[in-house]
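Counting from 1, one number per residue, gives the positions in the sequence shown under full-length UniProt numbering. Positions of the beta carbon are idealized from the N, C-alpha and C atoms, including for glycine.
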Amino acid sequence: MSSSPDSSATRVDASSDNDVPNIEALFLIKFDKKVGYTIAWKRTATDIALDNAVEYKSLPSGLHSVQSDLVYFTHEGYAGLSAFAKGAASAEERHAHFVSVGVLVKKEGKSGRLGRAWLLAGRLEKMAAALADDAETVTPLEEFWQAQMEASDSRESRGHSRARAMSTVSAAMKDEESLPEYHPALSILRYLDVFGPLVFRLQQAALLRKRILFVGIPPVRTACEFVYNLSVLSSISPRDTEHLIPGIEDLLRLPSLFSVGVHDIPYLEDLRNPKHGGHTPGTEPIEGWAACTTDDIIVTKTQLYDIVVELPPTYDAPPQERRWPRIRTSDGSLIQASQRDVARYKLLHKELFKHRNRSQASPEAYMDDENDDAAPLLSRDEVDTQRAADDFNEAYDDTVVEPMTWSRLAYSGYMWWASAGETDAYTTAERDSDRELIGDLAEYSQSVETAIIAYFHRQSSLLVRSLSQCIERDDDDDDDGDALIIDRDDLSRMGLDTWSEADRAFIQEFGSLYFGRTVGVKGSEVDCCGLRVPVF
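Below is the structure:
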């Protein structure tokens, strides 16, 4: 299987500075000690209601605790981005000015996640920093707005198309190029480091189009980018729709709400009950979404979400001080990574470790210092494997990994005894399959993010096509029942853990959602010294 990016599936909002979007609204939010957050200045190109909305979206709870931040959000069908900055002030003003400069841009169709708003991030940051130090002037805003309106008119006069919301990375970049500054996909490596093997459980929840809420503390930029990452990684290639039931076009990607707060609760309620006719402008009936918040009160309203992802304050700490996030269902049940998730994350972690370190390592780093001078050099791969394993073990948290089941331990012991201590061929086949799916990520010089996206899309495609093959096989058998029965080998080929109850539940829900079929999973047993050991 090819490890190169798939141009039909590997999609992010990747554009050049020449594709800066038209700004539909520009505004300045200030904190006033008497009235709270207010819109101190605003301009709109169309009739967009900003009051009592963008103030809170631009300044999530707790943002005063950081010096600066970037906040992504949505408002009335638009994509929003604001830059927050804190400037020095008098004691009467609580020793700080809090300002936020924000914009709204069109999402440009159902495919647009951010409307390329990130292309404006650097300019917004500079204006916010300047206005935080001199809150009385609005000249930079006036000049920026005027320049944007002139640029918009110029683009329209040239017939510039604004219909492009998403473009393939492979079309926008060459392999040796990297994503532009501020692109949210640049945080994908960090995303993988933070979640470890839990990235695969998040992927499953996103593929089932659950309502996924990330909860943490400021700064919120990283959490917003994680929302974007999850949506991109869990997208399904249009090429795979031929295998799915008709009418599932809206399920091809997970909508991103980005930062939400207490004032968005009515909107989240509307999304929960779209058929009842929501009162919030821009409400659309959607299966699920990904969002982030700093408001713990939303977590207490469990009817608003399906999955909550608790980002620990230490997620940005060194490995030895870090713990993986906690992922729970709305009823409080802990979601854990499977044993196979851990094994394939180790393979992924090794490739990314090699990518990060290959240009830094000196030849001496690959010497075996414990042996004499005549000992052969350790291979680069052996050294990288050991170092990657050590790095992984420093951050390992067994509380978020499914424990080894008794039946799996018994089966593993039986296979070891039956094969005279040789490696289980079944496990080896799974590892080889997982390794092939990853490909050679370390070979990508700068666009490793593109390769990671392609890897996750290959996983989703494998799942879709494998289940489709099972259905075709079942149809060929002329089975009159609607239920599709799959076995251990089928689960293994799909990249799932044959011992994990969560994986079996996942494929059942996946089959119902995308194929309209009831899926049953058939177990099996082996005879170990007269004892029947279930192979599940």
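Check the C-beta distance from residue 500 over to residue 338 and give it rounded, since I have them as a contact under 8 Å.
As a first step, residue 500 is located in the sequence shown; it is residue number 500 there, counting from the start. As a first step, residue 338 is located in the sequence shown; it is residue number 338 there, counting from the start. Confirmed, Cβ separation roughly 4 Å.
Which runs of the alpha helix (DSSP H), 4 residues or longer, sit entirely within the region 91-154?
121-133
Three-state class that DSSP yields for residue 69 in the structure shown:
Mapped onto the sequence shown, residue 69 falls at position 69. Here residue 69 sits in strand by DSSP.
Nearest to residue 229 (by Cα), restricted to the options 103, 303, 313, 183:
Here the question's residue 229 lines up with position 229 in the sequence shown. Of the candidates 103, 303, 313, 183, the one whose C-alpha sits nearest the C-alpha of residue 229 is 183.
According to the neighbour-count rule (16 or more other Cβ atoms, all chains shown, within 10 Å of its Cβ), is residue 350 buried or exposed?
The residue you call residue 350 lines up with position 350 of the sequence shown. When all chains shown are included, residue 350 counts as buried.
Please classify residue 518: does DSSP put it in a helix, a strand, or coil?
Your numbering for residue 518 matches position 518 in the sequence shown. Three-state DSSP puts residue 518 in coil, outside helix and strand.
Coarse secondary structure for residue 502, derived from DSSP in three states:
The count along the sequence shown starts at 1 and reaches residue 502 at position 502. Correct three-state label for residue 502: helix.
Starting from residue 343 and walking both ways along the alpha helix (DSSP H), at which residues does that stretch end?
The residue you call residue 343 lines up with position 343 of the sequence shown. Looking at the DSSP string, the run of the alpha helix (DSSP H) that includes residue 343 is 339-357.
Around the Cβ of residue 146, are there at least 16 other Cβ atoms within 10 angstroms (buried) or fewer (exposed)?
Locating residue 146 in the sequence shown gives position 146, counting from the first residue. The residue in question, residue 146, is exposed, as its Cβ has fewer than 16 Cβ neighbours within 10 Å.
Should residue 120 go down as buried or exposed, given a rule of 16 or more other Cβ atoms within 10 Å for buried?
Locating residue 120 in the sequence shown gives position 120, where the first residue counts as 1. By the 10 Å Cβ count, residue 120 comes out buried.
Locate the beta strand (DSSP E) running through residue 310, then write down its first and last residues.
Residue numbering aside, residue 310 sits at position 310 when the sequence shown is read from its first letter. It spans 307-310 - the beta strand (DSSP E) in which residue 310 sits, taken as one unbroken run.
Can you tell me which of 509, 518, 510 puts its alpha carbon nearest to the alpha carbon of residue 485?
By one-based count along the sequence shown, residue 485 stands at place 485. Measuring from the Cα of residue 485, the nearest candidate turns out to be 518.
Residue 48, DSSP secondary structure in three states:
Position 48 of the sequence shown, counting from 1, holds the residue named residue 48. Note: residue 48 maps to coil in three-state DSSP.
Proximity winner among 400, 495, 472, 443, relative to residue 434 (alpha-carbon distances)
Against the sequence shown, residue 434 aligns to sequence position 434. Among 400, 495, 472, 443, the Cα nearest to that of residue 434 belongs to 495.
Can you tell me which of 387, 23, 52, 297 puts its alpha carbon nearest to the alpha carbon of residue 141?
For this step, residue 141 is matched to residue 141 along the sequence shown. Here the closest residue by C-alpha is 23.
Using three-state DSSP, classify residue 174 as helix, strand or coil.
Within the sequence shown, residue 174 is the residue found at index 174, counting from 1. The predicted position of residue 174 is uncertain, since its pLDDT is 45 and thus under 50; no value can be drawn from it.
Could you name the residues that DSSP lists as bridge partners for residue 75?
Sequence index remark: in the sequence shown, residue 75 carries index 75 (1-based). Partner(s): 78.
Nearest-angstrom Cα separation, counted from residue 82 out to residue 239:
For this step, residue 239 is matched to residue 239 along the sequence shown. For this step, residue 82 is matched to residue 82 along the sequence shown. Spanning the two alpha carbons is a distance of roughly 35 Å.
If you reduce the DSSP assignment to three classes, tell me which class residue 19 lands in.
Here residue 19 is taken as the residue at index 19 of the sequence shown, counted from 1. Reduced to three states, the DSSP call for residue 19 is helix.
Cβ neighbours of residue 246 in the same chain (closer than 6 Å, five flanking residues each side left out):
The count along the sequence shown starts at 1 and reaches residue 246 at position 246. Excluding sequence neighbours, residue 246 sits near nothing in its chain.
Mind the definition here: the region 254-266 touches the region 296-308 only if three or more C-beta pairs lie below 8 Å; say whether that holds.
yes
Quick one: which unbroken alpha helix (DSSP H) runs of 4-plus residues sit fully inside the region 164-243? Chain order, please.
169-172, 188-195, 198-207, 221-233
Any idea if residue 102 is buried or exposed, counting beta-carbon neighbours within 10 angstroms, 16 or more meaning buried?
For the purposes of this step, residue 102 is taken as residue 102 along the sequence shown, with counting starting at 1. Looking at its Cβ environment, which holds 16 or more other Cβ atoms inside 10 Å, residue 102 is buried.
Expressed to the nearest angstrom, what Euclidean distance is found between the alpha-carbon atoms of residue 447 and residue 189?
The residue you call residue 447 lines up with position 447 of the sequence shown. The residue you call residue 189 lines up with position 189 of the sequence shown. Distance between the alpha carbons of residue 447 and residue 189: 11 Å.
Of the choices 27, 62, 464, 511, whose alpha-carbon is the least far from that of residue 483?
Taking the first residue of the sequence shown as position 1, residue 483 is located at position 483. Among 27, 62, 464, 511, the Cα nearest to that of residue 483 is on 511.
I need the boundaries of the beta strand (DSSP E) containing residue 451, first residue and last residue.
The sequence position of residue 451 within the sequence shown is 451, counting from 1. That residue, residue 451, is in no beta strand (DSSP E); its alpha helix (DSSP H) goes 448-476.
Going by DSSP, name the residue or residues bridged to residue 301.
The sequence position of residue 301 within the sequence shown is 301, counting from 1. Residue 301 pairs with nothing; no bridge assigned.
Any idea if residue 253 is buried or exposed, counting beta-carbon neighbours within 10 angstroms, 16 or more meaning buried?
Residue 253 sits at position 253 when you count from the first residue of the sequence shown. By the 10 Å Cβ count, residue 253 comes out buried.
Please report the residue range of the beta strand (DSSP E) in which residue 492 lies.
Position 492 of the sequence shown holds residue 492. Here residue 492 belongs to no beta strand (DSSP E); instead the alpha helix (DSSP H) covers 488-493.
Nearest residue (CA-CA) to residue 450, options 233, 226, 200:
Along the sequence shown, read from residue 1 onward, the residue named residue 450 stands at position 450. For the residues 233, 226, 200, the minimum Cα distance to residue 450 belongs to 233.
Ignore the nearest five residues each way along the sequence and tell me which others in residue 21's own chain have a CB closer than 6 Å to its CB.
Start at 1 with the first residue of the sequence shown, and residue 21 comes out as number 21. Contacts found: 105, 115, 116.
Please list the terminal residues of the continuous beta strand (DSSP E) segment that includes residue 256.
For the purposes of this step, residue 256 is taken as the residue at position 256 of the sequence shown. Taken as a continuous stretch (DSSP letters only), the beta strand (DSSP E) holding residue 256 covers 256-259.
Please name the residue in 250, 255, 55 whose C-alpha comes closest to that of residue 35.
As a position in the sequence shown, residue 35 is number 35, starting the count at 1. Of 250, 255, 55, the residue nearest in Cα terms is 55.
Measuring only the C-alpha atoms, how far is residue 312 from residue 437?
Reading the sequence shown from its first residue, position 312 is the one you call residue 312. Reading the sequence shown from its first residue, position 437 is the one you call residue 437. For residue 312 and residue 437, the distance between alpha carbons rounds to 30 Å.
Where residue 291 sits in the DSSP three-state scheme
Walking along the sequence shown from the start, residue 291 turns up at place 291. Of the three classes helix, strand and coil, the one that applies to residue 291 here is strand, per DSSP.
Taking the alpha-carbon positions, what's the residue 57 to residue 241 distance?
Your numbering for residue 57 matches position 57 in the sequence shown. Your numbering for residue 241 matches position 241 in the sequence shown. Rounded to the nearest angstrom, the two C-alpha atoms are 35 Å apart.
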